[in-house]
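J.: For the protein sequence lines, the chains are A and B, in the order given.
So for the first sequence, the working numbering puts the first residue at -11; every next one is plus one.
So for the second sequence, the working numbering puts the first residue at 483; every next one is plus one.
Even glycine gets a Cβ: it sits at the ideal position worked out from N, Cα and C.
I have a structure here, written as structure tokens, and I will follow up with some questions on it.
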Amino acid sequence: MSAPIHINGFTNDTLGWKAWLDVVQLAQATPAQMSVLEESHPKAKESDYYLFLVHQPEILRQRSLAFNAIMYAPGGLSRAERELASTVVSKINGCVYCASVHAQRFEQLAKRQDVIEQVFEEPNGAGTSDRERAIVDFSIELTRNPDHVNASSIQKLKDAGLQNSEVLDLIHSIAIFAWANRLMLNLGEPIFPSV
Amino acid sequence: MLNQSPSDTLDRLVGLLPQSQTYAARREREKVVFATQGSEDGLFDPALPGLSVEERLYVALYACLLTPSPDLAAEYESRLQKLGANLQTILLIQKSDIQSIQSIQNARLEAILNFTHTLITKPISADKMALSALPKAGLSTPEVVTLAQLISFVSYQVRLAAGLRAMKALEMSS
């Protein structure tokens, strides 16, 4: 069990999420909707997020395929580093819910939370090594100013030791959270545990 | 080199050829290639009920202009032109300011584009009020889901394109 973090409104607590508009009721779900829920996430049938998105099952199916391939595929960038990038993007975009989930995953994979505390304090300059700082810097740059990213941005990652395949995984992990954060932030809100 | 996924929209826009390292790196993450193209195809599928293809392309164009991502904006503009979309509407969207969007004089499209503006430029500022403007403008819940997924997908696509373009630029310079 990791120590609780509460910094600038961000946390590693387990949060809930509720949709602002009507979700699909499981009893009324079509077979296509049921199969997409089953493919998307082990707990999708209990989640307002998936039950809302499954109003458009094929779009959710493709989104889940992309998300799961980016975050869980073996090889390439370590899963902890993918989770770190996701947490940085979520902090920059202001998605408290996504940040809490991916902060927890980072901690589970890396067995530490020092860099998460730094990111919640101030993402600029966060990182416990040159490699981590390079990952964090690039995550901020591609999130805030995609039109400014250039060859020297990639060279900095390579100088910090990332291989080509790791750079691509990092780009994927950052980009998919431009997507995920916007859904979570605009279709509903986090529910905080009662104290 | 057998069984490789074919070139897709991103390869074409970024100018990635099969002999490039960046192209090869993408093929090691083939599921992502397929799901990215699959998402684009699904979001712009004419058979998808609700938002018209024209409305969806206006959203994509506006999202790319606001990001900004000139290359992807040009791509969506050309798709609108091929579709025979209203040139005046395209011009007003290209001006990108609130007054121009209002002067399209289409309350439904205005609500759709205002929501796009919020999600692209300041996703944190959106709230229940911003979302409820969509049902008020006549959008059904499945249409709201399509719109939110579309704007969010374009946010993903522009960053993926930007990252790949930078990888390609470094590859070319070495």
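Counting C-beta neighbours from all protein chains within 10 Å, is the total for M172 (chain A) 16 or more, i.e. buried, or is it exposed?
T.: buried
J.: List the residues of chain A that A615 (chain B) touches, going by C-beta distances under 8 Å, in chain order.
T.: Within chain A, no residue comes near A615 (chain B); the closest Cβ sits about 12 Å away, beyond 8 Å.
J.: Under 7 Å Cβ to Cβ from N169 (chain A), same chain only, skipping five residues before and after it: list those, please.
T.: In chain order, V77, S78, N81, C83, C86 place their CB closer than 7 Å to the CB of N169 (chain A), counting only its own chain and leaving out the 5 sequence neighbours on each side.
J.: Grouping DSSP H, G and I as helix and E and B as strand, with all else coil, what is P605 (chain B)?
T.: helix
J.: On the DSSP bridge list, what partners appear for G524 (chain B)?
T.: G524 (chain B) is not bridged to any residue.
J.: How would you list, in chain order, the residues of chain B whose beta-carbon sits under 7 Å from the beta-carbon of R93 (chain A)?
T.: Those within 7 Å of R93 (chain A) in chain B number zero; the least Cβ separation is about 19 Å.
J.: Under the three-state reduction of DSSP, which class applies to F(-2) (chain A): helix, strand or coil?
T.: strand
J.: At a CB-CB cut-off below 9 Å, which residues of chain A make contact with K513 (chain B)?
T.: Residues of chain A with a Cβ closer than 9 Å to the Cβ of K513 (chain B) are, in chain order, L53, A54, N56, A57, I58, A61.
J.: Between which two residues does the beta strand (DSSP E) containing A660 (chain B) stretch?
T.: Only positions 483 to 656 of chain B appear in the structure, and residue 660 (chain B) is not among them; the question remains open.
J.: Is the Cβ-Cβ distance between G4 (chain A) and I179 (chain A) less than 8 Å?
T.: yes
J.: Run through DSSP, which three-state label would A7 (chain A) get?
T.: strand
J.: In whole angstroms, what separates the C-alpha of R119 (chain A) from that of L65 (chain A)?
T.: 12 Å
J.: Just grab the DSSP bridge partners of E559 (chain B) for me.
T.: DSSP lists no partner for E559 (chain B).
J.: Kindly list the residues whose CB is nearer than 7 Å to the CB of P45 (chain A), restricted to its own chain and excluding five residues on each side of it in sequence; keep chain order.
T.: A20, Q21, V24
J.: Say whether chain B places a C-beta atom closer than 8 Å to the C-beta of M(-11) (chain A).
T.: At M(-11) (chain A) the pLDDT is 49, less than 50, meaning the model places this residue with poor confidence; the figure from the coordinates comes in the next sentence. Cβ-Cβ to chain B under 8 Å: no for M(-11) (chain A).
J.: Y638 (chain B) versus chain A: which residues are under 7 Å apart at the beta carbon?
T.: Residues of chain A passing the Cβ test: A163, I164, A166, W167.
J.: Sort out for me which residues DSSP pairs G176 (chain A) with in a bridge.
T.: Paired residues: A:A7.
J.: Under three-state DSSP, which class holds S35 (chain A)?
T.: coil
J.: Just to confirm, are L562 (chain B) and F597 (chain B) a CB contact at a threshold of 8 Å?
T.: For L562 (chain B) and F597 (chain B), no; Cβs fall outside 8 Å.
J.: Examine the Cβ distances between the region 42 to 61 of chain A and the region 512 to 523 of chain B and report whether three or more of them are shorter than 8 Å.
T.: Contact holds: three or more Cβ-Cβ distances are below 8 Å.
J.: Got a sec: which bits of the region -5 to 24 of chain A sit with their beta carbon under 7 Å from any beta carbon on chain B, in order along the chain?
T.: W8, L9, D10
J.: To which residues of the same chain is A619 (chain B) closer than 8 Å at the C-beta, ignoring the five residues directly before and after it?
T.: Within the same chain, A589, R590, E592, A593, I594 come within 8 Å of A619 (chain B) by CB-CB distance, once the 5 residues on both sides are set aside.
J.: Rounding to the nearest angstrom, what Cα-Cα distance links Y638 (chain B) and F165 (chain A) in this structure?
T.: 8 Å
J.: Rank A:N174, A:S141, A:F94, A:I(-7) by C-alpha distance to the C-alpha of I159 (chain A) and give the top, closest one.
T.: If you compare the alpha carbons of A:N174, A:S141, A:F94, A:I(-7) with that of I159 (chain A), the shortest gap goes to A:S141.
J.: Shortest alpha-carbon distance to Q587 (chain B) belongs to which of B:T603, B:L601, B:H599, B:Q570?
T.: The closest CA to that of Q587 (chain B), considering only B:T603, B:L601, B:H599, B:Q570, is found on B:Q570.
J.: Which value, in whole angstroms, describes the spacing of the CA atoms of I162 (chain A) and H599 (chain B)?
T.: 21 Å
J.: Between the Cα of T549 (chain B) and the Cα atoms of B:V626, B:A517, B:A507, B:R641, which residue gives the shortest distance?
T.: Of the candidates B:V626, B:A517, B:A507, B:R641, the residue whose Cα lies closest to the Cα of T549 (chain B) is B:R641.
J.: Indicate whether the contact test is met: 3 or more Cβ pairs, each with one atom in the region 534 to 543 of chain B and one in the region 553 to 567 of chain B, closer than 8 Å.
T.: Verdict: yes, contact present.
J.: Ignore the nearest five residues each way along the sequence and tell me which others in A567 (chain B)'s own chain have a CB closer than 8 Å to its CB.
T.: E536, L539, Y540
J.: With H, G and I counted as helix, E and B as strand and the rest as coil, what does DSSP make of P19 (chain A)?
T.: helix
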